[in-house]
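Heads up, the thing below is written out as structure tokens.
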Amino acid sequence: MKEKRNLKIQAIENGTVIDHIKAGQALNVLRILGISSAFRATISFVMNAPSARGKKDVVKIEGKELSVEELNRIALISPKATINIIRDFEVVQKNNVVLPSYVEGVVRCTNSNCISNSSEPIKSKFSVLQSEEEGVSLHCLYCEHVISENIAENLL
Amino acid sequence: MSFKNRHVISMKDFSRKEIDYVLDTAEKLEPVARGQERSRLLDGKIIALLFFEPSTRTRLSFEVAAQRLGGQVLNLGSVEASSVMKGENLADTIRVISNYADLIVLRHPLDGSARMAAEFASVPIINGGDGSVHHPTQTFLDLYTIRRESHLEGLKIAMAGDLKYGRTVHSLCHALSLYGAEMTFVSPPELRMPPEIVRDLQKNEIVVRETDSLEKIIGDVEVLYMTRVQRERFPDPEEYEKVKNRLKVTGDLLRTADPNLKILHPLPRVNEISPEVDSTSHACYFQQAFYGVPTRMALLALAMGVIE
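Order-wise, the sequence lines are chains R and F. Under the working numbering, the first residue of the first sequence is numbered 1165, with each subsequent residue one higher. Under the working numbering, the first residue of the second sequence is numbered 4, with each subsequent residue one higher.
This is the structure we're talking about:
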């Protein structure tokens, strides 16, 4: 059984492992990190992997340690994800993602009349709030529109 | 308190103390606005009016405000004849006009355009209405009218009409909540105040009532803020007719009103206040339109730092 799992996704020598991603969100994690076909490092990921806390996604980025600021954006779509920095096959640092208080150029404002959706030379800007009742919400700094649902669908 | 070089974008950027300061300044300038005193406070200053959308009252009252204080007005003219039609973006337009004028008043159809303009401007921006969200100078003049004609602290106010889409009522609610208030929202169910606004007000310990009939509440409020209900909000014309008549201020309705009740309206009105009300002591909406002048004079003078 153990061997089978190892085939699915190998341990990496150096880099970043993002674990406990909400099931089904791995591709959005890549998007939120700005990882596209131009990215040179080896990326592997598993979706809907069984875990003690139900299903999860995992993303492994080889040979690259991403910045805390970049990684914390993941909290917008998967607040329980963890970040493991790997050096020489060892986890040297393990952190939970921390919700940023401000994000720029990451999410599209869902107000179609917002200036940030026009051809002006600006990036979208949101302050990020979290409340127990309403979860994570993004407040557009231009038009004050609030996005509290479907954040993942509106990633830029 | 210095407002020099400060942008006026959203009411939410202003504390109660700052709002009071703007209103105090407007009051001092009122004799100038009435033409009873002369002022050269803005002598040598150029105010650019960049209106990308039609507007009569806002544009005219800014022009009058600037001229009463001895300032010069630079008009963008129609959008069709400007570089905007050549495809210039707003950011560039603002950067260019910043070099010509000492302050820019902007009205633009996109939400958040004034906030963006402030990022690119090297002079203060006053938001003359952007999209459907902000119109802070309207709120300042509404507050000034209420202060002059009634009182701000702990006001019993009803707002009636289109409370769902009306930006003036949203912004006014927020500002009045800084003074404590009892608010009654009168609207058809389709056009109720957005629940998130009601929740925010209640969090700030504002008493909120909601109803669909003016008759039920007219005896119990000090200010009635009327707004227009637009026909296009109703797919069914019959429904519109019903709603229109239920939310109409008439002489009959006012029989049970508090003698000191003041009626405000951002104008233009269509038929939500019948003309017979105009000659009563309750009617305040034309005064309110005039109060736009001293209020905008105050904002111009403060933002340009000629009054500190």
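The beta carbon of each residue, even a glycine, is placed where N, CA and C say it ideally should be.
In the DSSP assignment, what residue or residues form a beta bridge with residue i?
| i | result |
| --- | --- |
| K1327(R) | Not covered by the structure: residue 1327(R). The range shown for chain R is 1165 to 1320. |
| Q1294(R) | V1300(R) |
| A260(F) | Paired residues: none, contrary to the question. |
| H111(F) | D133(F) |
| L106(F) | I50(F) |
| N1260(R) | T1246(R) |
| I1185(R) | D1221(R) |
| V1267(R) | F1290(R) |
| K265(F) | V226(F) |
| A163(F) | V189(F) and M229(F) |
| R1251(R) | E1254(R) |
Use the C-beta contact count for residue i: other C-beta atoms within 10 angstroms, 16 or more gives buried, fewer gives exposed.
| i | result |
| --- | --- |
| V99(F) | exposed |
| M1165(R) | Here the model assigns M1165(R) a pLDDT of 49, short of 50, so the residue's position is not dependable, and the following value carries that caveat. By the neighbour-count rule (16 or more Cβ atoms within 10 Å), M1165(R) is not buried but exposed. |
| A94(F) | buried |
| P191(F) | buried |
| A286(F) | buried |
| Q291(F) | buried |
| T96(F) | buried |
| P297(F) | buried |
| H1309(R) | buried |
| R234(F) | exposed |
| E1233(R) | exposed |
| E1167(R) | Any reading at E1167(R) must be qualified, since the residue scores a pLDDT of 49, below 50, and its modelled position is unreliable; no value is offered. |
| R1251(R) | exposed |
| A117(F) | buried |
| G1299(R) | exposed |
| R202(F) | exposed |
| R170(F) | buried |
| D281(F) | exposed |
| A69(F) | buried |
| T230(F) | buried |
| E33(F) | buried |
| H137(F) | buried |
| A301(F) | buried |
Residue i versus chain R: which residues are under 9 Å apart at the beta carbon?
| i | result |
| --- | --- |
| N92(F) | S1282, S1283, E1284 and P1285 |
| M14(F) | Result: empty, since nearest Cβ-Cβ is about 11 Å, beyond 9 Å. |
Note down, in chain order, each residue of its chain lying with its Cβ closer than 6 Å to the Cβ of residue i, except the 5 sequence neighbours on either side.
| i | result |
| --- | --- |
| V189(F) | A161, A163, T214 and L217 |
| V3(F) | Since the first residue shown for chain F is 4 and the last is 311, residue 3(F) is missing from the structure and cannot be characterised. |
| K206(F) | none |
| F54(F) | R62 and R110 |
| R212(F) | T187 |
| F1209(R) | A1190 and V1223 |
| E1229(R) | T1180 and I1249 |
| I49(F) | Q75, L77, A104 and D105 |
| E185(F) | K159 and V210 |
| S180(F) | L204, N207 and I209 |
So, at 7 Å on beta carbons, what are the nonlocal neighbours of residue i in its own chain, with the 5 sequence-adjacent residues on each side left out?
| i | result |
| --- | --- |
| G222(F) | T259, A260 and D261 |
| Y294(F) | L144, Y147, T148 and R151 |
| M14(F) | P139, T142, S174, H177 and A178 |
| E156(F) | Y182 and G183 |
| R1195(R) | L1319 |
| I1225(R) | G1179, T1180, A1205 and I1207 |
Chain F partners of residue i, CB-CB under 8 Å?
| i | result |
| --- | --- |
| N1277(R) | P112, L113, D114, G134 and S135 |
| E1268(R) | What E1268(R) touches in chain F: nothing, since even the nearest Cβ is about 12 Å away. |
| E1317(R) | By Cβ distance, chain F contributes nothing, its closest Cβ being about 20 Å from E1317(R), past 8 Å. |
| E1296(R) | Going along chain F, no residue has its Cβ under 8 Å from E1296(R), so there is no contact; the nearest lies around 14 Å. |
Go through its chain and collect everything with a Cβ distance to residue i's Cβ below 8 Å, but skip five positions before and after it.
| i | result |
| --- | --- |
| S101(F) | I107, F123, A124, S125 and V126 |
| V1331(R) | Summary: the structure shown does not reach residue 1331(R), with chain R confined to residues 1165 through 1320, and so no result is reported for it. |
| I220(F) | A161, T187, V189, R212 and T214 |
| G308(F) | S5, F6, K7 and N8 |
| D23(F) | none |
| G1198(R) | E1234 |
Along chain R, which residues have their Cβ under 8 Å away from the Cβ of residue i?
| i | result |
| --- | --- |
| D43(F) | Asp is not the amino acid found at residue 43(F); the sequence shown has Arg there. By Cβ distance, chain R contributes nothing, its closest Cβ being about 37 Å from R43(F), past 8 Å. |
Using a cut-off of 9 Å between C-beta atoms, extract the partners of residue i located in chain F.
| i | result |
| --- | --- |
| L1305(R) | G115 and R118 |
| E1313(R) | Result: empty, since nearest Cβ-Cβ is about 13 Å, beyond 9 Å. |
| E1233(R) | Those within 9 Å of E1233(R) in chain F number zero; the least Cβ separation is about 21 Å. |
Counting only Cβ-Cβ distances shorter than 9 Å, please list the residues of the segment 203 to 216 of chain F near chain R, keeping chain order. Those would be none; no residue qualifies.
Relative to chain F, which residues along the segment 1193 to 1205 of chain R have a C-beta separation below 8 Å, given in chain order? Residues passing the 8 Å Cβ filter: none.
Contact set between the segment 116 to 128 of chain F and chain R, restricted to residues whose Cβ is under 8 Å from the partner: Of all residues in the segment 116 to 128 of chain F, S116, R118, M119 and E122 have a Cβ within less than 8 Å of some Cβ in chain R.
Just by C-beta distance, which residues in the segment 1236 to 1259 of chain R are closer than 9 Å to chain F? Correct list: empty, as no residue qualifies.
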